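Throughout, my numbering is defined as the position within the sequence shown, counted from one, plus 247. Even for Gly, the Cβ is constructed at its ideal location relative to N, Cα and C. If you're wondering where the values come from, they're calculated on a predicted model, not measured in any experiment.
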Amino acid sequence: MARADSTSQPAAPQARKSIVGYRTNGGRPNPLPQLTIKGRWLEALGFTQGQPVSITAEHGQLIIRTAPTTEGNA
């Protein structure tokens, strides 16, 4: 058990790998690309259940950040 006066260290940057999959498109052609990320490591980085996020999309990269919680989103 951790001491009451201890502080946790921030999570060290770590590369994670995933594969873009596809989601069915209601039987229509051209299934939709889908990316799913999950794991306890998200909590350690501040991504908690129900936490709003903002996603900035650029060619070849996604930047995912926590977004402030507002009364309408909580």
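Would you check if the distance between the CB atom of Gly293 and the CB atom of Thr317 is smaller than 7 Å? Taking 7 Å as the cut-off, the Cβ atoms of Gly293 and Thr317 do not count as close.
Take Thr295 as the anchor and find which of Gln261, Pro315, Asn272, Arg270 has the nearest alpha-carbon. Closest by alpha carbon: Pro315.
Considering Cα atoms alone, identify which of Tyr269, Gly286, Lys285, Ala262 is closest to Pro278. Tyr269
Just the C-alpha distance for Val300 and Leu309, rounded to the nearest angstrom, thanks. In a straight line, the C-alpha of Val300 is about 12 Å away from that of Leu309.
Do Lys285 and the ligand SAH come close, with the Cβ less than 6 Å from some heavy atom? No copy of the ligand SAH occurs in the structure displayed, which carries no ligand at all.
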